[in-house]
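S.K.:
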Amino acid sequence: MLKQHRELSMSVRRTIENNEEAGIRPSKTYQSFAAAAGGHRELNFIEKDVRNYITREVRNISEQEDAKEFRKSRAAFEYFGDVISSDTTHNINRYNLVCGSFVEVNHHGQSTLLGCSLMKNEEIESFKWLFQCWLRCMGGNTPKGILTDQCVMRELLRGLEICG
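Taking the working numbering, I'd label the letters of the sequence shown as residues 14 to 177.
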């Protein structure tokens with residue numbers, strides 16, 4: 014089938030999106046379309062079109078959602094980010110990575126995640142990178158205070174002359 018004659022209808026696109034969200038592999042999605050149509054020759058697209066749609070469209074939607082979440086976090090930080098908490102969780106996965114997070118409490122007493130990252134270690138350079146990236150995501154606004162129990166983070170904050 015020539016490329017210019019292949020296309021995904023709106024209903025096919027929605028099914029692909031739903032299957033991707035449910036964790037169904039593209040090959041299984043294509044096979045289900047082929048079975049419903051009476052064979053792959055009856056379809057006006059090929060399996061690669063399904064994969065390309067997922068890569069191009071569905072993952073693009075995920076990137077847009079990430080951007081939306083950054084906006085929400087930035088807005089929450091502007092309203093309630095006077096004092097934040099920074100913490101790390103050790104070796105939470107098989108890769109022995111450290112999860113560093115920035116959390117604040119809103120006016121309802123609820124914790125709000127402002128950002129997080131997986132880090133290879135808890136050295137000062139890792140914390141410096143995390144903090145600088147987080148500040149950039151928050152529009153460069155620094156909090157008035159940071160609560161932390163990590164000596165390395167305190168040392169970094171003193172070195173940057175942030176939060177006294």
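Quick reminder that beta carbons are idealized off the backbone N, C-alpha and C, glycines included.
Kindly indicate the opening and closing residues of the beta strand (DSSP E) around Glu117.
M.R.: Run containing Glu117: 111-118, per the beta strand (DSSP E) assignment.
S.K.: Counting only C-beta atoms, is Thr42 closer than 9 Å to chain D at any point?
M.R.: As a matter of chain content, chain D is missing from the structure shown, which is built from one protein chain.
S.K.: Here's the rule I'm using: 16 or more other beta-carbon atoms within 10 Å means buried, otherwise exposed. How should Ser99 be labelled?
M.R.: So Ser99 counts as buried.
S.K.: Quick test of your reading: Thr101 and Cys112, contact by CB under 8 Å. State the CB separation rounded to the nearest angstrom.
M.R.: Yes, Thr101 and Cys112 are in contact; Cβ-Cβ is about 6 Å, under 8 Å.
S.K.: Taking 8 Å as the cut-off, does the region 46-59 touch the region 84-94 (at least 3 CB pairs, one atom from each stretch)?
M.R.: No, the region 84-94 does not touch the region 46-59.
S.K.: Does the distance from the CB of Ile97 to the CB of Ile159 come in under 9 Å?
M.R.: The answer is yes: Cβ separation under 9 Å.
S.K.: Compare the C-alpha of Arg149 against each of Gly128, Leu21, Arg38, Glu168 and name the closest.
M.R.: Of the candidates Gly128, Leu21, Arg38, Glu168, the one whose C-alpha sits nearest the C-alpha of Arg149 is Gly128.
S.K.: Contact check, Leu169 vs Phe140 under 8 Å by CB: the rounded distance?
M.R.: Confirmed, Cβ separation roughly 5 Å.
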